[in-house]
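Counting in the working numbering, the final residue of the sequence shown is number 200, and the numbers go up one at a time with none missing. The beta carbon of each residue, even a glycine, is placed where N, CA and C say it ideally should be. So the structure is just underneath, and the comments pick up after that.
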Amino acid sequence: VQGYPIPKIILQSHDIFQQLTIFKEFRFLKKLRISMKIFTKFMTYSKEAELVPGAKALIEFFKGAKECKLYLVSHNQTKTILEHVERLEIKDYFTGIYGADEIPALKPDPKAFNPVLNQHKECGIKQFLVLGDMPTDIQAAKEAGLHSIAVASGISTKEILSAYYPDLLVESLEELKKIIDNKDISNFESKNSLKIKS
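Following this line, the structure appears as structure tokens:
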């Protein structure tokens, strides 16, 4: 649900309800109410969410890498993101945090990355890397000409994410960290000229 505007959530929920036979007889408005209850519960639980396995180690690795700056670009409001990263004690790892209220457009529009790109005009476009777990992350990266790594540890499966042709597709952040540690990048380095180096 994270990263999707509410109208899209509602539309997708409607599609899901069409496939679930137990809701077959429900009217649209009742399905809509159920969708909104699910979304509200999600928002409540998200306030208690912990980092996915491997996230802290990966953040620490990238933060410690030479000339590497971390940014967080999200569809959530900046205030909400700041509350989460402060609670999780990872705020100081990020050079900048941009929520929906601070970006010119939402992903998959590539303009979502403009605040970050504009701060580093001296860098070539291929010096940026987008790490995401939603199709919108990968699509926005592709359209902006940025490298992308898709992580299938969220709502989106490997099958869904592969349809957006990320430069690298992994099952988890732990798998990505192992690839980096082993420098096991031959498959996608030659294909997409994406290099991981410490």
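Between residue 98 and residue 118, the gap from beta carbon to beta carbon is short of 8 Å. Membership of residue 102 in any beta strand (DSSP E) is not indicated, and neither H nor E is assigned to it by DSSP.
Between residue 175 and residue 54 the beta-carbon gap is near 6 Å, inside 8 Å, which marks them as a contact. Counting only the Cα atoms, residue 130 lies some 29 Å from residue 49. Between the alpha carbons of residue 90 and residue 52 lies a gap of roughly 7 Å.
Annotation: residue 118 is outside any beta strand (DSSP E); the continuous alpha helix (DSSP H) that includes it extends over 116–121. Ranked by how close their Cα comes to the Cα of residue 79, the residues 96, 101 and 70 have 101 in first place. Look at residue 134 here: in three-state DSSP terms it is strand. Taken through DSSP and simplified to helix, strand or coil, residue 172 comes out as strand. With distances taken between CA atoms, residue 111 lies nearest to 145 out of 95, 92 and 145. By the Cβ neighbour-count rule, residue 138 is buried, with 16 or more other Cβ atoms within 10 Å of its own.
Inter-residue distance for residue 163 and residue 29 is about 32 Å (C-alpha atoms, whole angstroms).
Residue pairing for residue 153: DSSP places it in a beta bridge opposite 172. If you draw a straight line from the Cα of residue 37 to the Cα of residue 67, it comes to about 42 Å. With a cutoff of 8 Å on beta-carbon distance, residue 171 and residue 160 are scored as near each other. Counting along the chain, the unbroken beta strand (DSSP E) around residue 74 starts and ends at 73–75. Contact annotation: residue 92 and residue 61 have beta-carbon atoms nearer than 8 Å. With 16 or more neighbouring CB atoms inside 10 Å of its own CB, residue 134 falls in the buried class. Residue range 57–66 is occupied by the alpha helix (DSSP H) that includes residue 61. Here the alpha carbon of residue 167 sits roughly 26 Å from the alpha carbon of residue 65.
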